[in-house]
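To start, the structure itself, in C-alpha cells.
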Amino acid sequence: MVSSLLVVVLGSAAAMSWLSGARAATAEATTVFIECKTAAGTSRGSGVVVSVEGHVLTARHVLGLKPNDPMPGAIECAGSIGVADRNATRAMIAQPITVGVDAALLQFQDQRDYEFMRVCKFEDWMIRRKIFVAGFPGMTETGVPSFREGVLSTTRRNSKGVLETDGQTIAGMSGGPAFSSNLKGLVGIVIGAQFTPQGTVDYFGILPIEQRYIDDFQLTVSDQPCFRRGKVVDLPFAAEHWEAGDSPVPLGVTPEEGSCFITSVWGAMNEPDDVVEVAVHDGQYVLRGGQSNTDGSYGAKVSCTWFD
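This note's numbering puts the last residue of the sequence shown at 312; the count rises by one with no breaks.
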C-alpha cells in the first residue's frame, strides 16, 4: 500500500525568506508549468524535471487522466520551466508508463541537457522533517513558481493508497515538486490539499518517492542525504582518538550542513606550538593540531551536529 503524507503548511512568506540564492535558482530551474489538451478539454498543473534528457514527473490528473487510465494517443502537452507562460511552452511527449497511482512522466521534445532534481526514497523516520513544495497556483500575475514551506507530519491512506483530491483543489500546484529542505533531492510530488473552513490551505497531500517509482520512472537517486536521521554526526574513528603528530582528520561536515567543536583535551601542552583546533579545510571541518612535544603528548576529541 502506497502512503500519502500530510504536509502542514507554514506559509509562503516564511518560505520565500528562507528559500534564497542558489537554492531558489535550482528550484525554479526544475519546476515546470504544464498544460495538456485532450478530447475532454484542457488541464494545467505543475511538474519537476527529473532527468538530464528532460523527463518531467507530474500528477496523472494534470494530463486529465485517472491513475489507471491508459495513455491516449491524442494528447498534446507543453511546458515551460521556471515560468507559467503559454507563449514560452515547448512540446512534451507523454510516456506510456502506468504505475496505478496519480503519477505520470512526460518528456520535453527538444533535445538538450536539462538541469534536474535527483530523488530521495521516503523512509518512515523522515516524518516531521521540513520540506517545501513548488508550483504554479492558477494563472499568477508574475508567472513565477510559488513556494510553500511545510512539515511531513504523518501518513494517511485511502483505498487507493493516496490522499483523495481532484484537479481543481490546489489550482495549479498539482504535480509540483516536494523538495527536502536542503534541496538535496525530491521527496515527492503534490497530489492534493486540505482546506480550512476559512478557505486557507491546512495541508498538502504528497505522493512520496517509493522504490518502485524510482525503478518504473528510472529516477536518479541523490548521492547526498535529503535528511539526517539524527542530529549527532557519526564521526570517523580517528576523530575520537586524535593525538599530536597525527594528520588532520576530515570530519565530513561542511559549515553549511552543521557545526563541529572540541569536547575535551588531554595531556601536556607546554609549548607555543602545542595547539589543537577545529578548522575549515577544502570546504569541510577538520580536526588538527601541532606536533608532539618533548615533555609528553596530548590529544583531543570532537563532536559534530547537523543543522537539520
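Every residue, glycine too, gets a C-beta built ideally from N, C-alpha and C.
Taking Cβ positions, are residue i and residue j nearer each other than 8 Å?
| i | j | result |
| --- | --- | --- |
| VAL60 | GLN111 | yes |
| VAL253 | PRO240 | yes |
| VAL306 | GLY179 | no |
| ALA82 | GLU39 | yes |
| ILE213 | VAL191 | yes |
| GLY139 | THR35 | yes |
| GLY51 | TYR118 | no |
| GLY147 | ALA243 | no |
| SER268 | CYS308 | no |
| LYS4 | GLN228 | There is simply no residue 4 to check, as the chain begins at 5 and stops at 312 in what is shown. |
| ALA325 | ILE195 | One cannot answer for residue 325 here, as it falls past the ends of the chain, which runs 5 to 312. |
Which residues in the same chain have their Cβ closer than 6 Å to the Cβ of residue i, if we skip the five residues on either side of it in sequence?
| i | result |
| --- | --- |
| VAL279 | GLY293 and GLY294 |
| ILE131 | LEU156 |
| SER55 | PHE120 |
| ASP170 | Its pLDDT being 32, under 50, ASP170 is placed unreliably in this model, and the value from its coordinates should be taken loosely. Hits under 6 Å: none found. |
| LYS70 | none |
| MET177 | SER50, GLY139, PRO141 and VAL194 |
| GLU80 | LYS41 |
Only counting the same chain, and skipping five residues up and downstream in sequence, which positions put a Cβ closer than 7 Å to that of residue i?
| i | result |
| --- | --- |
| GLN99 | LEU109, LEU110 and GLN111 |
| PRO76 | THR42 |
| ASP220 | ILE101 and VAL103 |
| ILE97 | LEU110, GLN111 and GLN113 |
| GLY313 | Nothing about residue 313 can be read from this structure; the chain reaches only from 5 to 312. |
| ARG90 | GLU39 |
| PRO259 | VAL284 |
| TRP129 | ARG233 |
Answer with buried or exposed for residue i, where buried requires no fewer than 16 other C-beta atoms within 10 angstroms of its C-beta.
| i | result |
| --- | --- |
| TRP246 | buried |
| ALA304 | buried |
| VAL284 | exposed |
| PRO181 | buried |
| PHE37 | buried |
| GLU261 | buried |
| PHE265 | exposed |
| ASN72 | exposed |
| ALA248 | buried |
| ASN186 | buried |
| ARG152 | buried |
| GLY154 | buried |
| GLY287 | exposed |
Let me check understanding here. Comparing Cα to Cα, which of the options lies closest to residue i?
| i | options | result |
| --- | --- | --- |
| ALA107 | ALA272, LEU211 and ALA242 | LEU211 |
| ILE85 | LEU69, GLU32 and VAL54 | GLU32 |
| PHE136 | TRP129, VAL148 and GLY189 | GLY189 |
| ARG233 | ARG94, TYR118 and PHE311 | PHE311 |
| VAL105 | ILE193, PHE126 and ASP227 | ILE193 |
| ASN49 | MET273, PRO149, GLU275 and ASP250 | Position check: residue 49 holds Gly in this sequence, whereas Asn was assumed. Closest option to GLY49, Cα to Cα, is PRO149. |
Would you please state the rounded distance, in angstroms, between the beta carbons of residue i and residue j? I believe it to be under 8 Å.
| i | j | result |
| --- | --- | --- |
| PHE231 | SER184 | 6 Å |
| VAL225 | ARG133 | About 18 Å; that fails the 8 Å criterion. |
Step through the CB atoms of chain B and report whether any lies within less than 8 Å of the CB of residue i.
| i | result |
| --- | --- |
| GLN115 | Given the protein chain composition of this structure (a single chain), no chain B is represented. |
Spatial neighbours of residue i within its chain, please: CB distance less than 8 Å, with the 5 preceding and 5 following residues excluded, ordered by chain position.
| i | result |
| --- | --- |
| VAL290 | PRO252, VAL253, PRO254, LEU255, VAL282, ALA283 and VAL284 |
| GLY45 | GLY68 |
With hydrogens ignored, establish whether the beta-carbon of residue i is closer than 7 Å to any heavy atom of the ligand ZN.
| i | result |
| --- | --- |
| LYS134 | Inclusion of the ligand ZN in the displayed structure is not the case, the ligand content being empty and no account of it being possible. |
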